[in-house]
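Here the structure is laid out as structure tokens; the discussion comes afterwards.
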């Protein structure tokens, strides 16, 4: 029988709401883990004040207040940019301050592949020294297509050559960026080098990609959930309700936050679905 799934919530679903409110709802709904999502562009135009000691202390206080644990930090930005190594050092320091060893980030554009590899090689020793791991994630839009399919991610890890860089899988991202691929099978291929996983479902409305409660989209998550539990790989529900993607995968963020009632409904429904999958494992 598989281990119990380590399941949390990525805070992107609360985009625009106070983190205290978000943590409280996550805890009340029975989730054990939370992944703070500081992903550039996807949750607004972020600045480095988020990575300050004061904010790290606030996050730790909220974790204690709401009796939540955290294993991963979402910190996507363009990893090929010239400042990427310095930016990652800042994020590593913040991750350490909130007690996190896993940093999740999408990569870069395919055209910037050489700079991406160079930056990842440079940051690897800092990750190793901090006992942290940068988990590169298959991209969901054309700004992060350097790693879109499993074979591309495997090649990237071979070129970087460090155990401090591994995978965060996201089948839902693959649906919008590589719609012809078998997304679940592709993410299953990454399991040997996967340390964390995002659970994101997708449905199409016309030509656009939207994110429903888990189990209400096109992805059949049963085999992946079972494998994550068996291999003790933690995951968070990443359901960016405030965002959708256009036919060409371009992300579009709504001007207004999603109502809390809707967020609660989606998280409750998603947990019920995944709990049901786990009850079938025996």
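Residue numbers (my numbering): 308 to 589. From the three backbone atoms N, C-alpha and C, an ideal C-beta is built for every residue, glycine too.
Where residue i sits in the DSSP three-state scheme
i, result
"residue 317", "strand"
"residue 367", "helix"
"residue 559", "strand"
"residue 330", "helix"
"residue 357", "helix"
"residue 480", "helix"
"residue 528", "coil"
"residue 376", "strand"
"residue 432", "helix"
"residue 538", "coil"
"residue 521", "coil"
Close-in-space but distant-in-sequence residues of the same chain around residue i (CB under 7 Å, 5 per side omitted)
i, result
"residue 460", "443, 445, 454, 474, 497"
"residue 553", "515, 559"
"residue 396", "433"
"residue 564", "322, 323, 324, 549"
"residue 467", "424, 427, 428, 431"
"residue 500", "464, 473, 474"
"residue 451", "413, 414, 415"
"residue 317", "342, 344, 381, 505, 543, 544, 545"
Bridge partner(s) assigned by DSSP for residue i
i, result
"residue 543", "315, 505"
"residue 511", "516"
"residue 550", "560"
"residue 444", "413, 475"
"residue 381", "344, 411"
"residue 578", "Paired residue(s): none; residue 578 is not in a bridge."
Contact test: residue i Cβ vs the ligand MN heavy atom, cutoff 8 Å
i, result
"residue 359", "By its list of ligands, the structure shown contains no ligand whatsoever, and the ligand MN lies outside what it can speak to."
Assumed close pair residue i, residue j - CB separation to whole angstroms, cut-off 8 Å
i, j, result
"residue 584", "residue 528", "7 Å"
"residue 479", "residue 508", "6 Å"
"residue 407", "residue 377", "6 Å"
"residue 504", "residue 535", "6 Å"
"residue 574", "residue 386", "Residue 574 to residue 386, Cβ: 30 Å. No contact."
"residue 486", "residue 518", "About 15 Å separates the two Cβ atoms, so there is no contact after all."
Contact under 9 Å by Cβ, residue i with residue j
i, j, result
"residue 375", "residue 338", "yes"
"residue 370", "residue 542", "no"
"residue 441", "residue 427", "yes"
"residue 431", "residue 469", "yes"
"residue 403", "residue 379", "no"
"residue 401", "residue 361", "no"
"residue 333", "residue 373", "yes"
"residue 319", "residue 381", "yes"
"residue 506", "residue 577", "yes"
"residue 421", "residue 384", "no"
"residue 435", "residue 471", "yes"
Contacts around residue i, its chain only, beta-carbon distance under 8 Å, and the 5 residues preceding and following it disregarded
i, result
"residue 555", "449"
"residue 481", "445, 447, 455, 456, 488, 490, 493, 494"
"residue 367", "404, 405, 406"
Residues of its chain near residue i, where Cβ-Cβ distance is below 6 Å and the 5 sequence neighbours each way are ignored
i, result
"residue 580", "521, 522"
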